[in-house]
Amino acid sequence: MTKTKSPLVYFLITVAAIALLTFLGPEEKSLGSNVRIVYLHGAWVMTAEVAFIAAALAGLLGLVLRREIFHAWSAALGRTGIIFWLTYLPLSLFAMQANWNGLFLAEPRFRLAIIFAVTGVLLQIGLWLFNISWLTSFANILYIITLRVVFASAQNIMHPPPSPIFSSGLWNVIAFFIGLNILAWVAGYFLTRWFLLFGEA
Numbered sequence: 149m150t151k152t153k154s155p156l157v158y159f160l161i162t163v164a165a166i167a168l169l170t171f172l173g174p175e176e177k178s179l180g181s182n183v184r185i186v187y188l189h190g191a192w193v194m195t196a197e198v199a200f201i202a203a204a205l206a207g208l209l210g211l212v213l214r215r216e217i218f219h220a221w222s223a224a225l226g227r228t229g230i231i232f233w234l235t236y237l238p239l240s241l242f243a244m245q246a247n248w249n250g251l252f253l254a255e256p257r258f259r260l261a262i263i264f265a266v267t268g269v270l271l272q273i274g275l276w277l278f279n280i281s282w283l284t285s286f287a288n289i290l291y292i293i294t295l296r297v298v299f300a301s302a303q304n305i306m307h308p309p310p311s312p313i314f315s316s317g318l319w320n321v322i323a324f325f326i327g328l329n330i331l332a333w334v335a336g337y338f339l340t341r342w343f344l345l346f347g348e349a
């Protein structure tokens with residue numbers, strides 16, 4: 149496989165397109181142009197969760213059907229999810245600093261995000277070292293279930309429900325955010341494909 153056909157190249161190209169699109173995103177009345185980093189931060193964490201959910205579903209199929217291909221996809225998607233989760237954290241810090249002139253590190257959901265980042269990295273490293281397909285699938289299922297249960301009961305301070313974007317009624321903002329999410333999912337797909345090739349090497 150040539151370098152230009154590597155999924156990692158397409159991942160980087162997609163990330164560059166996401167950065168450009170974010171720079172051109174619509175401004176908001178109170179936050180101005182700084183709201184663009186909030187859009188990106190939201191799309192990034194949603195992509196991480198989509199990857200975790202997909203990893204769990206692929207793992208479930210692997211366990212039920214006993215097909216290695218689904219275990220391989222579960223492993224690759226789990227690694228993609230943790231990459232997006234890790235890189236969402238600095239985006240979150242940047243959003244705090246740019247929009248609220250300070251870092252609220254004690255914010256409950258951010259503190260939980262750090263905990264799940266550390267445990268997620270250690271988990272993925274451990275799964276890679278053990279290299280047991282059924283264990284990887286089972287762990288990915290358990291990880292996203294635990295994450296969702298914990299965050300469902302977490303206190304909302306800087307992340308008030310429902311989503312400020314989807315409840316804003318501003319269709320240009322909503323359409324932009326959906327487009328940003330789709331591009332982030334495409335980037336996640338290319339990164340997952342690269343992890344699949346890496347696992348076959």
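Numbering (the working numbering), first residue to last: 149 to 349.
The beta carbon of each residue, even a glycine, is placed where N, CA and C say it ideally should be.
Quick one: grab the DSSP three-state call for residue i.
i: Ala167; result: helix
i: Pro238; result: helix
i: Glu175; result: coil
i: Met149; result: Because the pLDDT of Met149 is 40, which lies under 50, any placement of that residue in the model is unreliable, and the question is left without a value.
i: Leu328; result: helix
i: Gly336; result: helix
i: Ser222; result: helix
i: Ile313; result: coil
i: Trp318; result: Checking the sequence shown, residue 318 turns out to be Leu, not Trp. Leu318 falls in the coil class under three-state DSSP.
Considering residue i, what are the terminal residues of the alpha helix (DSSP H) in which it resides?
i: Glu197; result: 183–213
i: Ser285; result: 281–300
i: Pro256; result: 256–278
In chain order, what residues of the same chain lie with their CB nearer than 7 Å to the CB of residue i, ignoring the 5 residues before and after it?
i: Met149; result: In this prediction, Met149 has a pLDDT of 40, which is less than 50 and means its spatial position is unreliable; what the coordinates show is noted afterwards. Counting only Cβ-Cβ distances below 7 Å, and skipping sequence neighbours, we find nothing.
i: Leu271; result: Ala287, Tyr291
i: Val163; result: Ala335
i: Phe232; result: Trp192, Thr195, Ala196, Ala199, Gly336
i: Phe343; result: Ala224, Arg227, Thr228
i: Ser222; result: Ala203, Ala206, Gly207, Gly210, Thr284, Ser285, Asn288
i: Leu239; result: Ile185, Leu188, His189, Trp192
Let me make sure I understand the geometry here. Which of the options has the alpha-carbon closest to that of residue i?
i: Val198; options: Ala265, His219, Leu188, Leu225; result: Leu225
i: Thr294; options: Leu156, Thr267, Val157; result: Thr267
i: Leu260; options: Ala302, Trp221, Ile330, Arg184; result: Ala302
i: Pro155; options: Gly347, Arg341, Phe346; result: Arg341
i: Phe299; options: Ile201, Arg257, Lys153; result: Arg257
i: Pro174; options: Leu275, Ile313, Leu331; result: Ile313
i: Leu275; options: Val321, Ile230, Arg214; result: Ile230
i: Ile322; options: Ile161, Val183, Arg215; result: Val183
i: Asn279; options: Met244, Ile217, Gly347, Trp333; result: Gly347
Take residue i and list the residues in its own chain whose beta-carbon comes closer than 6 Å to its own, dropping the five residues that flank it on each side.
i: Phe159; result: Ala335, Phe338, Leu339
i: Val157; result: none
Assuming contact is defined by CB atoms lying nearer than 8 Å, are residue i and residue j in contact in what I supplied?
i: Val269; j: Leu234; result: yes
i: Ile289; j: Ala204; result: yes
i: Tyr187; j: Phe325; result: yes
i: Trp282; j: His219; result: yes
i: Leu331; j: Ala167; result: no
i: Leu328; j: Thr170; result: yes
In its own chain, which residues sit with a C-beta less than 8 Å from the C-beta of residue i, not counting the 5 before and 5 after it?
i: Lys151; result: Residue placement at Lys151 is poorly supported in this model, since its pLDDT is 48, which falls under 50; the coordinates still yield a value, given next. Hits under 8 Å: Val157.
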